[in-house]
Every structure is written in C-alpha cells, then in structure tokens.
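This note's numbering puts the first residue of the sequence shown at 6, with every later residue one more than the last. One structure is given here, and the rest of the page talks about it.
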Amino acid sequence: MPRIGLEVSIDAENIAKVEAVGNDFRYFVKICCGACGEITDWVYLDQEDTVEVKGGRGLANMVLNCKLCGRESNISIEDGSRVAYDVEKGGFQQIVSFDCRGLEPVEWECRGGLVATTEKGKKFEVELEDGEWYDFDDDASESISVTNIQNQFKKLKGK
C-alpha cells in the first residue's frame with residue numbers, strides 16, 4: 006500500500022501559517038490508474054465521505070473504477086496526517102498524506118477553503134482568485150497575502 010504525501014510551497018506576507026480546516030476540506034486531484042496509466046479528470050476527496058471497498062476490505066474516502074481498464078482502486082486521507090503549512094520554515098512541506106491502493110494522485114489544485122493565521126493569531130478565510138489571495142488586517146494595519154502556491158507529490162516510506 007503506497008503512501009503519497011502532498012507537499013506545498015506557499016509565498017505569504019504577514020501570515021504565520023496556512024491550513025486546510027475541517028474534515029470537509031476538499032482535495033481536488035487528478036489520479037493515475039496503477040494498472041493502465043489512465044489519468045482521471047478532476048475529482049475530489051475529503052475525510053467526511055467514506056465508501057465501502059468491495060469484498061469487505063473496509064472503507065476509503067474514494068473508490069474509483071478506471072474508465073479504461075475497469076480496475077477498482079481506492080484512496081484515503083490518512084488519519085492525523087493533516088498539518089498546517091509553516092510560513093517561517095518556507096520551502097516544500099507536507100500538509101497531508103494519502104493511503105493509495107491501485108492508484109496515485111498526480112496533480113492537485115487548491116480551490117480555496119484554506120485558513121490563513123497571522124502571527125498574532127487572527128484567522129482569515131482564503132478565497133483564491135487566479136491562485137492568489139490578498140486582504141488587509143485592520144488590527145495590525147498591514148496587508149496580508151497568500152500567493153504562488155506550488156505542489157508536488159512524494160512517495161513515503163513506512164506506515
């Protein structure tokens with residue numbers, strides 16, 4: 006069972022952390038079938054949605070039948086794997102990991118739903134427009150922003 010981590014890099018101004026909040030946060034991904042290499046259109050998964058896996062093998066956040074080869078595969082968000090992006094650290098940081106069985110995420114698109122927290126703890130809902138978000142923190146009298154969100158997937162070892 007391969008584990009795949011989603012790593013992101015974010016440029017932010019006057020923000021301490023950026024995170025996906027709530028079990029209903031949707032990760033929009035394109036997924037590659039491990040059997041034939043077919044890549045899906047955009048699909049999403051979140052921790053609230055669960056589907057039974059055939060043969061009584063438990064639950065997954067998404068079960069897919071490949072349109073090309075018909076193989077059934079599944080993917081789940083690993084419990085406890087979601088963490089905030091720490092702006093001070095910078096660079097690529099893993100924000101979530103997936104348990105992938107027969108498929109692999111190959112692209113991620115952030116479509117909003119993130120929360121940005123200032124260094125003083127004030128939270129802002131990030132609504133991306135063309136991949137960027139700008140606002141003004143009245144309490145601190147400074148502009149704030151989240152821009153240049155980049156991502157990559159990395160195969161993880163162990164459980």
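The beta-carbon is built from N, C-alpha and C at its ideal position, and this holds for glycine as well. Just so it is clear, the structure is predicted and the values come from calculations on it, not from any experiment.
Could you give the residue range of the beta strand (DSSP E) that holds residue i?
| i | result |
| --- | --- |
| GLU45 | It is Thr, not Glu, that sits at residue 45 in the sequence shown. No beta strand (DSSP E) holds THR45; DSSP gives it neither H nor E. |
| CYS37 | 32 to 38 |
| ASP104 | 98 to 106 |
| ALA21 | From DSSP, ALA21 is part of no beta strand (DSSP E); its letter is neither H nor E. |
| SER81 | 77 to 82 |
Determine the direct distance from the alpha carbon of residue j to that of residue i, and round the result to whole angstroms.
| i | j | result |
| --- | --- | --- |
| ALA25 | ASP51 | 11 Å |
| GLU109 | SER150 | 31 Å |
| ALA21 | VAL101 | 18 Å |
| LEU73 | THR45 | 10 Å |
| ARG31 | GLU132 | 14 Å |
| VAL23 | LYS162 | 26 Å |
Just grab the DSSP bridge partners of residue i for me.
| i | result |
| --- | --- |
| GLN52 | Its beta-bridge partners do not exist; DSSP assigns none. |
| ASP142 | GLU147 |
Can you tell me whether residue i is buried or exposed? The criterion is at least 16 other CB atoms within 10 Å of its CB, across all chains shown.
| i | result |
| --- | --- |
| VAL111 | exposed |
| ARG87 | buried |
| TYR90 | buried |
| GLY28 | Contrary to the premise, residue 28 reads as Asn rather than Gly in this sequence. By the 10 Å Cβ count, ASN28 comes out exposed. |
| TRP47 | exposed |
| SER81 | buried |
| ASP143 | exposed |
| SER78 | buried |
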